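A.B. asks:
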Amino acid sequence: MMNTAGFPLLSLITWLPLVGCVVIMCVRGDEETVASNARWTALWTTLIVLALSLVLWVKFDPREAGFQFNESIAWLPHYRIAYKMGVDGISVLFVLLSTVLTPICILASWETIQTKVREYMMSFLILETMMAGMFCATDFVVFYMFFEAVLIPMYLIIGVWGGPRRVYAAVKFFLFTLTGSVLMLLALIAMWLHAGTTDISVLMETRFPVSMQTWLFFALFASFAVKVPMWPVHTWLPDAHVEAPTAGSVILAGVLLKMGAYGFVRFSIPMLPDAAQAYAPLIYTLSIVAVIYTSFVALAQEDMKKLIAYSSVAHMGVVTIGLFTFNEQGIQGALFQMLSHGIVSGALFLIVGVVYDRIHSREIAHYSGLADRMPAYALVFMVFTMASVGLPGTAGFVGEFLVIVGALQVNFWLALLGGLGMILGAVYMLYLYRRVIFGTITHANLRHILDLSPREWAVFAPLIVLTLWMGVYPSSFTTFFDESVAAMVRHHHAAIASTVKLAQGMPGVLN
Amino acid sequence: MNWTLALPEIVLACLGMAILIFGVLRKQESTQHATMLTIGAFLIVGFLIATRQTGFAFHGQFVADAFATFNKELVLLGGSLALILSLDWNRSQGIARFEYPVLVLFATVGMLVMVSASNLMTLYLGLELQSLALYVLAAFARDNLRSAEAGLKYFVLSGLASGLLLYGVSLVYGFSGTMDFQALHAALMKPAAAPTGLIVGVVFVLVGLAFKVSAVPFHMWTPDVYEGAPTPVTVFFATAPKVAAMALLLRVMGTSFAELVPAWQLLVVLMSIGSMVLGALAAIGQTNIKRLMAYSSIGHMGYALIGLAVGTSDGVRGVLVYMVVYVLMTAGTFACILAMKRDGRPVEQISDLSGLGTNDPGLALALSVFMFSLAGIPLMAGFFAKLYIFLAAVKSGLWTLAIIGVLASVIGAFYYIRIIKVMYFDPPAAAFDRRPPALSFVVAATGLFTAFFFLFPAPVVDAAELASRVLFR
Numbered sequence: 052m053m054n055t056a057g058f059p060l061l062s063l064i065t066w067l068p069l070v071g072c073v074v075i076m077c078v079r080g081d082e083e084t085v086a087s088n089a090r091w092t093a094l095w096t097t098l099i100v101l102a103l104s105l106v107l108w109v110k111f112d113p114r115e116a117g118f119q120f121n122e123s124i125a126w127l128p129h130y131r132i133a134y135k136m137g138v139d140g141i142s143v144l145f146v147l148l149s150t151v152l153t154p155i156c157i158l159a160s161w162e163t164i165q166t167k168v169r170e171y172m173m174s175f176l177i178l179e180t181m182m183a184g185m186f187c188a189t190d191f192v193v194f195y196m197f198f199e200a201v202l203i204p205m206y207l208i209i210g211v212w213g214g215p216r217r218v219y220a221a222v223k224f225f226l227f228t229l230t231g232s233v234l235m236l237l238a239l240i241a242m243w244l245h246a247g248t249t250d251i252s253v254l255m256e257t258r259f260p261v262s263m264q265t266w267l268f269f270a271l272f273a274s275f276a277v278k279v280p281m282w283p284v285h286t287w288l289p290d291a292h293v294e295a296p297t298a299g300s301v302i303l304a305g306v307l308l309k310m311g312a313y314g315f316v317r318f319s320i321p322m323l324p325d326a327a328q329a330y331a332p333l334i335y336t337l338s339i340v341a342v343i344y345t346s347f348v349a350l351a352q353e354d355m356k357k358l359i360a361y362s363s364v365a366h367m368g369v370v371t372i373g374l375f376t377f378n379e380q381g382i383q384g385a386l387f388q389m390l391s392h393g394i395v396s397g398a399l400f401l402i403v404g405v406v407y408d409r410i411h412s413r414e415i416a417h418y419s420g421l422a423d424r425m426p427a428y429a430l431v432f433m434v435f436t437m438a439s440v441g442l443p444g445t446a447g448f449v450g451e452f453l454v455i456v457g458a459l460q461v462n463f464w465l466a467l468l469g470g471l472g473m474i475l476g477a478v479y480m481l482y483l484y485r486r487v488i489f490g491t492i493t494h495a496n497l498r499h500i501l502d503l504s505p506r507e508w509a510v511f512a513p514l515i516v517l518t519l520w521m522g523v524y525p526s527s528f529t530t531f532f533d534e535s536v537a538a539m540v541r542h543h544h545a546a547i548a549s550t551v552k553l554a555q556g557m558p559g560v561l562n
Numbered sequence: 007m008n009w010t011l012a013l014p015e016i017v018l019a020c021l022g023m024a025i026l027i028f029g030v031l032r033k034q035e036s037t038q039h040a041t042m043l044t045i046g047a048f049l050i051v052g053f054l055i056a057t058r059q060t061g062f063a064f065h066g067q068f069v070a071d072a073f074a075t076f077n078k079e080l081v082l083l084g085g086s087l088a089l090i091l092s093l094d095w096n097r098s099q100g101i102a103r104f105e106y107p108v109l110v111l112f113a114t115v116g117m118l119v120m121v122s123a124s125n126l127m128t129l130y131l132g133l134e135l136q137s138l139a140l141y142v143l144a145a146f147a148r149d150n151l152r153s154a155e156a157g158l159k160y161f162v163l164s165g166l167a168s169g170l171l172l173y174g175v176s177l178v179y180g181f182s183g184t185m186d187f188q189a190l191h192a193a194l195m196k197p198a199a200a201p202t203g204l205i206v207g208v209v210f211v212l213v214g215l216a217f218k219v220s221a222v223p224f225h226m227w228t229p230d231v232y233e234g235a236p237t238p239v240t241v242f243f244a245t246a247p248k249v250a251a252m253a254l255l256l257r258v259m260g261t262s263f264a265e266l267v268p269a270w271q272l273l274v275v276l277m278s279i280g281s282m283v284l285g286a287l288a289a290i291g292q293t294n295i296k297r298l299m300a301y302s303s304i305g306h307m308g309y310a311l312i313g314l315a316v317g318t319s320d321g322v323r324g325v326l327v328y329m330v331v332y333v334l335m336t337a338g339t340f341a342c343i344l345a346m347k348r349d350g351r352p353v354e355q356i357s358d359l360s361g362l363g364t365n366d367p368g369l370a371l372a373l374s375v376f377m378f379s380l381a382g383i384p385l386m387a388g389f390f391a392k393l394y395i396f397l398a399a400v401k402s403g404l405w406t407l408a409i410i411g412v413l414a415s416v417i418g419a420f421y422y423i424r425i426i427k428v429m430y431f432d433p434p435a436a437a438f439d440r441r442p443p444a445l446s447f448v449v450a451a452t453g454l455f456t457a458f459f460f461l462f463p464a465p466v467v468d469a470a471e472l473a474s475r476v477l478f479r
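This is the structure:
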């Protein structure tokens, strides 16, 4: 039970939002009082959680490859399932990503959400619990519970506070993700029965028979590919993004998409090395299609949110390429890209939210010449456009660059086609920026549009700082996962080598 | 004789007669008291069951073991919840008669006998005692056409099923020479030598019992009876008899015919697949929430049957955990349905729930917990129920069943989350009447169990583990 922090830090980070939830539930009074109390309680709760996760950031020992801050409580001893928490270099930064983005989301919804504020804030706090818990879990069953439970608050957030087609989008989101998840459940049970435990660190050391790995790989793939989302199962994403309220989109793009990629890096690659190696070409193909196809689709969009949603699919394609290169640069680049995409795409959705709050339109054609009336907004938009494009010095560059370096070691064409995403990204993002920000104001209601308010500055400032920090001095982030990734890559190659050896020693055994 | 093992049943039957006399003598306004007394009787019997020893009574016709104790307590729990929920409803609908709790009580006696049956004769005795009381209950609102129809329909179809069961019993007896479960088990140690006539008998027994748990293709009565019967009766139908019939099915298949698993496994697999798929698909088109719950219960019985199809004590454990969770979340859902009243008149359309999230946040929250749980979304109890079932299925290599099961659960999730959609996403309709405190109590208790089962799963799972060791030895 004891760990480096001296107290159950990860459980505290995970469950504290629920305490805030209970507090909000107890608030009594008229609607205005409840709303205001709910907002402040949610903000303070998430800020305290953020502070706690900064303790994690400071106390985390990056030289250690394994899990740290471990906690373990017996839960179902007969089945050798325990409530186990721990973070390693791969997961620690995603816990931080979740805890950073949640208060920003609360702040971003401060004025835009006026109906059912109490329920809205509760949904976000529950969502934070589920996200943090998922990244902290070191037991597969616990992971699965958090992974799937995320659906509940997100379904409500899209469906209650979303746009006109919200019901369709919410149900589609729910069913797509659930279908993948239940197949993962079967894989989970099969792995559990084979290994006798669901402890992730034990499962990583377990060698599953090669024929079994294939099935397990595809069952897990069904779940994670939907979540990432990979082409062709990405169709829920544009709908969900367009209909979700701004903060919902931020969390969706910022954290929920990362859950799929995190699943690959935590389960598919280390636990099923042979299948991962064998089916890497499939992943490459799907990723390249995603990068190129969705970039073109993004170019054709008339709706700003939809454009950014498609760009997310393209960027996540780069992530999956990186993960399946199985070398340090590729995986590091993928992890870095996940973090930077979490910040940057989240920020881009917030940017759309700013003008949507004022004009209530997301049509690109509706906007032009905003630079005139909103110089500060134009500046912020510029920073994140550049980061999304992957300009050196911003967060977007480091990840994509590393992934391309990693991909080059695998195959020249993989690197070339994957790298096309950067060029196409520049095309659609700059095109978007030009249409919205430059030119002359054509619509009457844009003439009196107001620039960023102090609250909005408070929302964007931390994101800008992070984007530039990640771009200028990426080492302060990569040091966290250096060791873990190196260990993972070593583990992978050792596993592959042993399979090859086995196959040579005993021909026919592995079929 | 060892008759003290059957003391709980004897005591309950005597108390039932005492309550009947009490009701007759008091005549007016005795329903409330009779109901309270019945719940009291359930509590006493529940205590007696918990403190009983194990063993055989009446020359092996009656068995008391961990499995029986587990299921009896669950039956009593379901019966008590149904009674609590009936209190205010029956009064407001003008069907408050003291016979109601007495009938529930006698049906429960029948179920307790079913659960403890160790002989095909005892089995039939318990089943018929239960069924007779249930026929009357289904038609309890006798001035209501739909209720009378439900009663008649249930009577005819259930009578048919009883006939099939009895025919099966006679075949089994004719070809093996015994009706005792233990003796049958011993006689069938060499499954290959089992005569075909006996296998046919087993199939008939299985069919008769499948009717009682409303598994496809013997489910036809369920939607009509669920819809037509007064809602508190539907609660009762959906909980206690299902537990008893499932326990009986497990007992018969897990003791006397345990060695014949290969002979009946395919049949159970097909029933299970049929129930899951039909439960998921047919519910999509429903507009009446009671009908929807009927299809939902068909689907859930399909999942529970996976545990039987596996034919191991792991499977039995899964079924038992499933039944506990199923009883509580179903009772909770029906408590929410009972709260659906406008101007004293019950409403049953799903669209009547429109905007409940605004009108009554507490009730809407509880109902969404139940819906997510029925859909099997994690952190809710329903997920764990499915987890143990699928665990057993995968362990035995029944992959087809497991894959169809999880996919059916996704289809099922569609209509469960549609109810949440109606409550939260749709514009508010007129508010419901104030709900009686008893209803709020049941909703809160079952809701808390469903939502927080994940914190303390061990007691239920351990008890189920203990109970399941008795079967498929």
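Here the protein sequences come in this chain order: V and P. To convert, note that position 215 of the first sequence is 266 in my numbering; the numbers rise steadily by one, no gaps. To convert, note that position 156 of the second sequence is 162 in my numbering; the numbers rise steadily by one, no gaps. Even glycine gets a Cβ: it sits at the ideal position worked out from N, Cα and C. Since the structure is predicted, the reported quantities are computational estimates derived from the model, not experimental observations.
Excluding the 5 residues flanking valine 540(V) on each side, which residues of the same chain have their C-beta closer than 8 angstroms to its C-beta?
C.D. replies: In the first sequence, counting from the first residue as 1, residue 540(V) sits at position 489. Answer for valine 540(V): Phe377, Asn378, Glu379 and Ile382, listed in chain order.
A.B. asks: Are alanine 220(V) and glutamate 294(V) close, meaning C-beta to C-beta below 8 angstroms?
C.D. replies: Sequence index remark: in the first sequence, residue 220(V) carries index 169 (1-based). Sequence index remark: in the first sequence, residue 294(V) carries index 243 (1-based). Yes; because the gap between Cβ atoms is below 8 angstroms, this pair is in contact.
A.B. asks: Grab me the residues of alanine 200(V)'s own chain with a C-beta within less than 6 angstroms of its C-beta, minus the 5 sequence neighbours each way, in chain order.
C.D. replies: Here residue 200(V) is taken as the residue at index 149 of the first sequence, counted from 1. Counting only Cβ-Cβ distances below 6 angstroms, and skipping sequence neighbours, we find Met181.
A.B. asks: Please state the DSSP three-state secondary structure of methionine 136(V).
C.D. replies: The residue you call residue 136(V) lines up with position 85 of the first sequence. Looking at methionine 136(V) - three-state DSSP - the assignment turns out to be strand.
A.B. asks: Output, in chain order, the set of chain P residues within a Cβ distance shorter than 9 angstroms of histidine 129(V).
C.D. replies: In the first sequence, the residue the question calls residue 129(V) occupies position 78. The answer, in chain order, is Ala464, Val467, Asp468 and Glu471.
A.B. asks: Expressed to the nearest angstrom, what Euclidean distance is found between the alpha-carbon atoms of phenylalanine 435(V) and phenylalanine 400(V)?
C.D. replies: Working through the first sequence from its first residue, we reach residue 435(V) at position 384. Working through the first sequence from its first residue, we reach residue 400(V) at position 349. Roughly 10 angstroms separates the two Cα atoms.
A.B. asks: Closer than 8 angstroms by C-beta to glutamine 460(V): which residues in its own chain qualify, once you throw out the five before and the five after it? Chain order, please.
C.D. replies: Against the first sequence, residue 460(V) aligns to sequence position 409. These residues qualify, in order along the chain: Thr376, Asn378, Gln380 and Gly381.
A.B. asks: Checking 8 angstroms against the spacing of the C-beta atoms, do arginine 217(V) and valine 85(V) come in under that value?
C.D. replies: Stepping through the first sequence from its first residue, residue 217(V) is reached at position 166. Stepping through the first sequence from its first residue, residue 85(V) is reached at position 34. In this structure, valine 85(V) does not lie closer than 8 angstroms to arginine 217(V) by Cβ.
A.B. asks: Is methionine 52(V) close to chain P? Criterion is C-beta to C-beta, closer than 8 angstroms.
C.D. replies: Counting from one through the first sequence, the residue named residue 52(V) turns up at place 1. Residue confidence is low: methionine 52(V) scores 43 on pLDDT, short of 50, so the model does not pin down where it sits. Its coordinate-derived value is still stated next. No - not a single Cβ of chain P is within 8 angstroms of the one on methionine 52(V).
A.B. asks: Should isoleucine 240(V) be flagged as near chain P, meaning a C-beta pair shorter than 8 angstroms?
C.D. replies: To locate residue 240(V), count along the first sequence from 1; it is residue 189. With 8 angstroms as the cut-off, isoleucine 240(V) counts as an interface residue toward chain P.
A.B. asks: Proline 384(P) touches chain V at which residues, Cβ-Cβ below 7 angstroms?
C.D. replies: For this step, residue 384(P) is matched to residue 378 along the second sequence. Residues of chain V whose Cβ lies closer than 7 angstroms to the Cβ of proline 384(P) are, in chain order, Tyr195, Met196, Glu199 and Ala200.
A.B. asks: Would you please verify whether the beta carbon of phenylalanine 396(P) is less than 8 angstroms from any beta carbon of chain V?
C.D. replies: Walking along the second sequence from the start, residue 396(P) turns up at place 390. Contacts with chain V at 8 angstroms (Cβ-Cβ) include phenylalanine 396(P).
A.B. asks: Do serine 174(V) and leucine 226(V) have their C-beta atoms within less than 8 angstroms of each other?
C.D. replies: By 1-based counting over the first sequence, the position of residue 174(V) is 123. By 1-based counting over the first sequence, the position of residue 226(V) is 175. No.
A.B. asks: Going by the beta-carbon positions, is the gap between glycine 444(V) and valine 523(V) smaller than 8 angstroms?
C.D. replies: The sequence position of residue 444(V) within the first sequence is 393, counting from 1. The sequence position of residue 523(V) within the first sequence is 472, counting from 1. It is a contact, given that the beta carbons lie within the stated cut-off.
A.B. asks: Could you check what DSSP says for proline 321(V) in three-state terms: helix, strand or coil?
C.D. replies: Translated into positions along the first sequence, residue 321(V) becomes position 270. The answer is helix: DSSP assigns proline 321(V) an H, G or I state.
A.B. asks: Which residues does DSSP pair with glycine 46(P) in a beta bridge?
C.D. replies: On the second sequence, position 40 is the one that residue 46(P) refers to. Note: glycine 46(P) sits in no beta bridge, so no partner.
A.B. asks: Does the stretch 132-152 of chain V touch the stretch 532-550 of chain V, meaning 3 or more C-beta pairs lie closer than 8 angstroms?
C.D. replies: yes
A.B. asks: Is the CB-CB distance between glycine 313(P) and valine 325(P) below 8 angstroms?
C.D. replies: Locating residue 313(P) in the second sequence gives position 307, where the first residue counts as 1. Locating residue 325(P) in the second sequence gives position 319, where the first residue counts as 1. Result yes, Cβ atoms of glycine 313(P) and valine 325(P) sit closer than 8 angstroms.
A.B. asks: Along the chain, where does the alpha helix (DSSP H) containing isoleucine 203(V) start, and where does it finish?
C.D. replies: Looking up residue 203(V) in the first sequence gives position 152. From DSSP, the alpha helix (DSSP H) with isoleucine 203(V) extends over 202-212.
A.B. asks: According to DSSP, is arginine 348(P) part of a helix, a strand, or is it coil?
C.D. replies: Taking the second sequence and counting its residues from 1, the one referred to as residue 348(P) is at position 342. In the structure shown, arginine 348(P) sits in a strand (DSSP, three-state: E or B).
A.B. asks: For tryptophan 9(P), count the other beta carbons within 10 Å of its own beta carbon; 16 or more makes it buried, fewer makes it exposed. Which is it?
C.D. replies: Position 3 of the second sequence, counted from the start, is the residue given in the question as residue 9(P). Residue environment: tryptophan 9(P) is assigned as exposed (fewer than 16 neighbouring CB atoms within 10 Å of its CB, all protein chains considered).
A.B. asks: Within its chain, find whatever has a CB closer than 7 angstroms to the CB of proline 229(P); leave out the 5 residues flanking it on each side and keep chain order.
C.D. replies: Residue numbering aside, residue 229(P) sits at position 223 when the second sequence is read from its first letter. Excluding positions up to five away in sequence, the list reads Arg297, Ala300 and Tyr301.
A.B. asks: Nearest by alpha-carbon distance to arginine 486(V): which of Leu503(V), Ser419(V), Phe198(V) and Trp212(V) is it?
C.D. replies: Mapped onto the first sequence, residue 486(V) falls at position 435. Closest by alpha carbon: Ser419(V).
A.B. asks: Taking histidine 499(V) as the reference, give the member of Arg409(V), Thr65(V), Ala398(V) and Ala327(V) with the closest Cα.
C.D. replies: Position 448 of the first sequence, counted from the first residue, corresponds to residue 499(V). For histidine 499(V), the nearest C-alpha among the options comes from Arg409(V).
A.B. asks: Can you tell me whether serine 504(V) is helix, strand or coil according to DSSP?
C.D. replies: Locating residue 504(V) in the first sequence gives position 453, where the first residue counts as 1. DSSP places serine 504(V) in coil when its eight states are reduced to three.
A.B. asks: What whole-angstrom Cβ distance do tyrosine 428(V) and aspartate 354(V) have, given they're in contact under 8 angstroms?
C.D. replies: As a first step, residue 428(V) is located in the first sequence; it is residue number 377 there, counting from the start. As a first step, residue 354(V) is located in the first sequence; it is residue number 303 there, counting from the start. So it is not a contact: roughly 19 angstroms between Cβ atoms.
A.B. asks: Give me the Cα-Cα distance between valine 316(P) and glycine 61(P), rounded to the nearest whole angstrom.
C.D. replies: Counting from 1 along the second sequence, the entry for residue 316(P) is found at position 310. Counting from 1 along the second sequence, the entry for residue 61(P) is found at position 55. Cα to Cα, the separation comes out at about 27 angstroms.
A.B. asks: Whole-angstrom Cβ separation of serine 362(V) and tyrosine 479(V), contact assumed at under 8 angstroms?
C.D. replies: Numbered from its first residue, the first sequence carries residue 362(V) at position 311. Numbered from its first residue, the first sequence carries residue 479(V) at position 428. At roughly 7 angstroms, the Cβ-Cβ gap stays under 8 angstroms, so serine 362(V) and tyrosine 479(V) are in contact.
A.B. asks: Anyone know if the C-beta pair for leucine 475(V) and serine 346(V) falls short of 8 angstroms?
C.D. replies: The residue labelled residue 475(V) in the question sits at position 424 within the first sequence. The residue labelled residue 346(V) in the question sits at position 295 within the first sequence. Contact: yes.
A.B. asks: Just tell me which of Ala398(V), Met367(V) and Ile99(V) has its CA closest to the CA of leucine 386(V).
C.D. replies: Counting from one through the first sequence, the residue named residue 386(V) turns up at place 335. Considering only alpha carbons, the answer is Met367(V).
A.B. asks: So which of Phe452(V), Ile177(V) and Leu421(V) has the shortest CA-CA distance to alanine 495(V)?
C.D. replies: The residue you call residue 495(V) lines up with position 444 of the first sequence. Alanine 495(V) has its Cα closest to that of Leu421(V), out of Phe452(V), Ile177(V) and Leu421(V).
A.B. asks: Along chain P, which residues have their Cβ under 8 angstroms away from the Cβ of arginine 217(V)?
C.D. replies: Position 166 of the first sequence, counted from the first residue, corresponds to residue 217(V). Within chain P, the residues near arginine 217(V) are Phe431.
A.B. asks: Can the beta-carbon of valine 81(P) be found closer than 8 angstroms to that of isoleucine 25(P)?
C.D. replies: Locating residue 81(P) in the second sequence gives position 75, counting from the first residue. Locating residue 25(P) in the second sequence gives position 19, counting from the first residue. Taking 8 angstroms as the Cβ cut-off, valine 81(P) and isoleucine 25(P) do not qualify as a contacting pair.
A.B. asks: So, helix, strand or coil for glutamine 136(P), using DSSP?
C.D. replies: By one-based count along the second sequence, residue 136(P) stands at place 130. Helix.
A.B. asks: Using C-beta distances below 6 angstroms, list every residue in its chain close to methionine 52(V), excluding the 5 sequence neighbours before and after it, in chain order.
C.D. replies: The residue labelled residue 52(V) in the question sits at position 1 within the first sequence. Note that methionine 52(V) has pLDDT 43, beneath the 50 cutoff, so the model's placement of it is unreliable and the number below is only indicative. Excluding residues up to 5 positions away in sequence, nothing lies with its Cβ nearer than 6 angstroms to the Cβ of methionine 52(V) in the same chain.
A.B. asks: Would you identify the three-state DSSP class for leucine 109(P), choosing helix, strand or coil?
C.D. replies: Counting from 1 along the second sequence, the entry for residue 109(P) is found at position 103. The answer is helix: DSSP assigns leucine 109(P) an H, G or I state.
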